[in-house]
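Novice: Numbering (our numbering), first residue to last: 52 to 317.
#1: Tell me the rounded alpha-carbon separation between residue 206 and residue 184.
#2: How is residue 256 classed by DSSP in three states: helix, strand or coil?
#3: Given a cut-off of 7 Å, decide if residue 119 and residue 210 are closer than it, judged by their beta-carbon atoms.
#4: According to DSSP, simplified to helix, strand and coil, what is residue 77?
#5: On a CA-only basis, which of 257, 138, 169 and 176 is nearest residue 162? Give me that one, please.
#6: Between residue 236 and residue 229, which are expected to be in contact by the criterion C-beta below 8 Å, what is the C-beta distance as a whole number of angstroms?
#7: Quick one: Cα of residue 147 to Cα of residue 247, how far?
#8: Counting only the same chain and skipping the five closest in sequence on each side, list residues whose C-beta sits under 7 Å from that of residue 93.
#9: With a 10 Å radius around its C-beta and 16 neighbouring C-beta atoms as the bar for buried, classify residue 105 as buried or exposed.
#10: Please report the Cβ distance between residue 125 and residue 214, rounded to the nearest whole angstrom; I am assuming they are in contact, meaning their Cβ atoms lie under 8 Å.
#11: If we ignore side chains and look at the alpha-carbon of each, how far apart do residue 88 and residue 190 end up?
#12: Is residue 190 helix, strand or coil when you go by DSSP?
#13: Measuring straight from C-alpha to C-alpha, what distance separates residue 275 and residue 103?
#14: Could you give the residue range of the beta strand (DSSP E) that holds residue 66?
#15: As an exercise, report each continuous alpha helix (DSSP H) stretch of at least 4 residues that is fully enclosed by the stretch 185 to 240, in chain order.
#16: Within the same chain, show all residues whose beta-carbon is closer than 8 Å to that of residue 223, passing over the 5 residues directly before and after it, in chain order.
#17: Can the beta-carbon of residue 82 be found less than 7 Å from the beta-carbon of residue 75?
#18: My output table needs one value for residue 69: the three-state DSSP class, helix, strand or coil.
#19: Could you tell me the distance, in whole angstroms, from the CA atom of residue 134 to the CA atom of residue 198?
#20: What does a CB cutoff of less than 6 Å around residue 231 pick up in its chain, not counting 5 residues either side in sequence?
#21: Across which residues does DSSP place residue 162 in a beta bridge pair?
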């Protein structure tokens, strides 16, 4: 495919929240969101008669699994641990994204992330997932997006920004707080608060964490620019790999400052 023709096909940005989708959108990008519902996301992706994209990126906020992470830290995925398998991210794209983000004011790390089909709310569950996968963060879209990319032979990338750190428990209302369009369901939130008013105590801290996460995510989007810096994806086709979790060993995390100068220049 000629370069100009390839660039006319958009990057597909997969998000869970409407606020994430608004940040992700831009020239060369088509966004899709499912309101934090992996089953709905699978259905939306499978309903596409053909992929109509040249690469897939999962982008948004995430829960921290590694205790060293704080709100605003940025993870560029090297792979995604799903409940039953592991998907690679394109190594070339990951390095290029990390290079573009190397001047981000927050910490940027290349490492594995995890995908979950339900919200991971408790520190004990975060520790268990970290122990089982070696992943640094967890979200509810990346494993679905990675599987879709693998199914269609498309390059895959993910950029996730820490919102809630590993030691922080999230209130139960989080599990039902979103509408299908990714906006907050205030009815569900108020209903949950009515049943368990003690959840109110967690909201100020959660709001501060989310604000920090979205500031960092906005800066990521600014630094990545047009098509998330993926103007020509043809060189990355065929880099994807899928394997069983029992045989996979995650790579050591790498700081973006250690990305090679050649990647920065590319």
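All C-beta atoms in this analysis are idealised placements derived from N, C-alpha and C, irrespective of residue type, glycine included. None of these values were measured; they are calculated from a predicted model.
Specialist: According to the data block:
#1: Near 22 Å, if we compare the C-alpha coordinates of residue 184 and residue 206.
#2: Three-state DSSP puts residue 256 in a helix.
#3: Not in contact: residue 210 and residue 119 (Cβ atoms no closer than 7 Å).
#4: Here residue 77 sits in coil by DSSP.
#5: Out of 257, 138, 169 and 176, 138 has the C-alpha closest to the C-alpha of residue 162.
#6: The pair is a contact, with the Cβ atoms about 6 Å apart (cut-off 8 Å).
#7: Taking the straight line from one Cα to the other gives about 45 Å.
#8: Apart from the 5 residues on each side of it in sequence, residue 93 sits with its Cβ closer than 7 Å to the Cβ of 195 in its chain, given in chain order.
#9: It counts as buried.
#10: Here residue 125 is actually not in contact with residue 214; their C-beta atoms are around 12 Å apart, not less than 8 Å.
#11: Each residue's alpha carbon lies about 11 Å from the other.
#12: Residue state, collapsed to three classes: strand.
#13: One C-alpha to the other measures close to 21 Å.
#14: Here the beta strand (DSSP E) through residue 66 covers 62 to 66.
#15: You should have 193 to 202.
#16: Result list for residue 223: 172, 243, 247 and 250, in chain order.
#17: For the 7 Å CB-CB criterion, residue 82 and residue 75 form a contact.
#18: Residue 69 falls in the helix class under three-state DSSP.
#19: Distance between the alpha carbons of residue 134 and residue 198: 12 Å.
#20: Shown here for residue 231: same chain residues with a beta carbon closer than 6 Å to its own, the five before and five after excluded, namely 86 in chain order.
#21: Paired residues: 128.
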